[in-house]
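A.B. asks: The structure is given below, and queries will be raised subsequently.
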Amino acid sequence: MKKLILTSLILSFCIMNGTSLFAQNLKKESVKVNYIQLPGNPLPSDITTYSRNIKLPSSLNAGESRSAISSTLEKNARIAGYKLVEEGAPVELFVEIQNFYNRSFESRTIEKEEKRGEEKVKVNYYVYDLQYKYPLYFSLKVNGEKIQDGYINNSNDYKLATSPEFKNSNDRYEWYKKNKTSFISSLRSSALNTNSGAYGKSLTDNYAFQSKSKLVSVLNIKTTKKKNYDDVNAIGLEMQTALESILPKKGSAGADFNEKSGPVIEKYIALLEQVDWKNKKARLNKKAGAYLAGNIAILSFWANDFDKCREYLRLADKYSNKSFISEYKSLINAREGRLAKYKASISN
């Protein structure tokens, strides 16, 4: 999925929709926010440790490194936010990689229609196909109960790889003689990285408390001879201070942020009451109102006040790009859903 940064979307929206209003009078300050992304399916809150068992075949294919394979698997078999221990943990990871298998190369002819001058002609190209698989099995137990297992990426099923295309069968065979071994080695390495990476992503998305950071921008408006925005910018400074107080806590931005952001939101709401939504020449016109609503949405998002976030998002929706709104709603829904599951996982 395309990576989205919440605040850059908000600011993109403001800039796209406010250029005609503010012209070259835009000025933004960026605040780096450190936070914890909650897991999609959190483990019970009393669990703090996990163990892992990684199993390799007794013998490997020629050219394979046992230490390199182990290192790749260990790098991905991790759950951020929990301590790895040797044994006795309530969470047990088991990872077993099997040998790489490939069938014989099979020749194939591809017929294509190409334009040569003013005519379309049929041209043959020559390739080799190779079926292969690199099975990676995993399981996860919690308090002795298996809650997840299987072959990641359907890695126990054969996949098809195709060589480059050649204009004749002789060139194809020459490629085969020179590149057979390296072609197989490349497939093996790619499959190992892809499958182990998919396993690591599954663990992270479902169970990990990820430490992350993002830049949150606060948009200020330069005062001109005709229009004074000192009041707007003063609130912007307070918003910046509030964002700087965010702490990387599980399920919260911290009490300090909540205390500081509340008054800022109230001041932005008060400014919204001064917006003239019909007069384009007003100091606070509809585009300025959309900017104010966007800032309220940002602060409400971090305060986990999703109803208020949606409320002011709907207001901004009247003067903004529709695709931006749908993307932002998905971010809110994801955060809200993860928070609800996290709260449900907390032991009484």
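Numbered by our numbering, the letters in the sequence shown go through residues 4 to 351 in order. Yeah, the Cβ is synthetic: ideal placement off N, Cα and C, and Gly gets one too. Small disclaimer: the values here were computed from a predicted structure and weren't measured.
(1) Count the other CB atoms, across all protein chains shown, that sit within 10 Å of the CB of G297; report buried if there are 16 or more and exposed otherwise.
(2) Quickly, what does DSSP pair I100 with across the bridge? List them, please.
(3) To which residues does DSSP link A194 through a beta bridge?
(4) Assign G120 to one of two classes, buried (16 or more other C-beta atoms within 10 Å of its C-beta) or exposed (fewer than that).
(5) Kindly list the residues whose CB is nearer than 8 Å to the CB of S32, restricted to its own chain and excluding five residues on each side of it in sequence; keep chain order.
(6) Are there three or more Cβ pairs, one per stretch, closer than 8 Å when the region 86-103 is compared with the region 112-132?
(7) Considering only the alpha carbon of each residue, which of S350, A194, I272, S74 lies closest to Y161?
(8) Would you say the region 49-67 touches the region 84-101, given that touching needs at least three Cβ pairs under 8 Å?
(9) Quick one: what's got a C-beta closer than 6 Å to L287's C-beta in the same chain, skipping five residues either side?
(10) Take G257 and list the residues in its own chain whose beta-carbon comes closer than 8 Å to its own, dropping the five residues that flank it on each side.
(11) Taking 8 Å as the threshold (C-beta atoms), are K136 and S166 in contact?
(12) Output the distance between the C-alpha atoms of I301 and L316, rounded to the nearest integer angstrom.
(13) Kindly provide the ranges of any beta strand (DSSP E) runs that are 3 or more residues long and lie completely inside the region 100-172, ordered along the chain.
(14) Given this structure, state the Cα-to-Cα distance separating N37 from K217, to the nearest angstrom.
(15) Would you mind sorting T112 into buried or exposed? The rule is 16 or more other CB atoms within 10 Å of its CB.
(16) Establish whether the CB of I249 and some CB of chain D are separated by less than 8 Å.
(17) Which value, in whole angstroms, describes the spacing of the CA atoms of C312 and R55?
(18) Using 8 Å as the threshold, is the C-beta distance between K289 and Y322 below it?
(19) Taking the beta carbon of A355 as the centre, do at least 16 other beta carbons fall within 10 Å, making it buried, or is it exposed?
(20) How would you label N156, buried or exposed, when you count the other beta carbons within 10 angstroms and need 16 or more for buried?
(21) With 16 other CB atoms within 10 Å as the buried threshold, where does Q27 fall?
C.D. replies: This is what the structure gives:
(1) It is buried - the Cβ of G297 has at least 16 other Cβ atoms within 10 Å.
(2) I100 is bridged to L139.
(3) According to DSSP, which records beta bridges pairwise, A194 is partnered with nothing at all.
(4) Burial check for G120: the Cβ neighbour count within 10 Å stays below 16, so the residue is exposed.
(5) Note on residue identity: the sequence assigns Glu, not Ser, to residue 32. Around E32: S220, V221, N223, G239, Q243.
(6) With a cut-off of 8 Å, the region 112-132 and the region 86-103 do not count as touching, because too few Cβ pairs lie within range.
(7) The shortest Cα separation from Y161 among S350, A194, I272, S74 belongs to A194.
(8) Taking 8 Å as the limit for Cβ pairs, the verdict is that the region 84-101 does touch the region 49-67.
(9) Cβ neighbours of L287 beyond the five flanking positions: Q277, V278.
(10) Within the same chain, G257 has close Cβ partners S248, I249, L250.
(11) Inclusion of S166 and K136 in the CB contact set at 8 Å is not warranted, their separation being larger than that value.
(12) Cα-Cα distance, rounded: 9 Å.
(13) Counting only runs of 3 or more, we get 109-119, 122-136, 139-145, 148-154, 162-165.
(14) Cα to Cα, N37 sits roughly 7 Å from K217.
(15) Exposed, because fewer than 16 other Cβ atoms sit within 10 Å of the Cβ of T112.
(16) Looking for chain D here will not work: only one protein chain is present.
(17) Rounded to the nearest whole angstrom, the CA to CA distance from C312 to R55 is 41 Å.
(18) Y322 sits close to K289, with the two beta carbons spaced by under 8 Å.
(19) Here the chain covers residues 4 to 351 and nothing more, so residue 355 does not appear.
(20) With 16 or more other Cβ atoms inside 10 Å of its own Cβ, N156 counts as buried.
(21) Here the model assigns Q27 a pLDDT of 38, short of 50, so the residue's position is not dependable and the matter cannot be decided.
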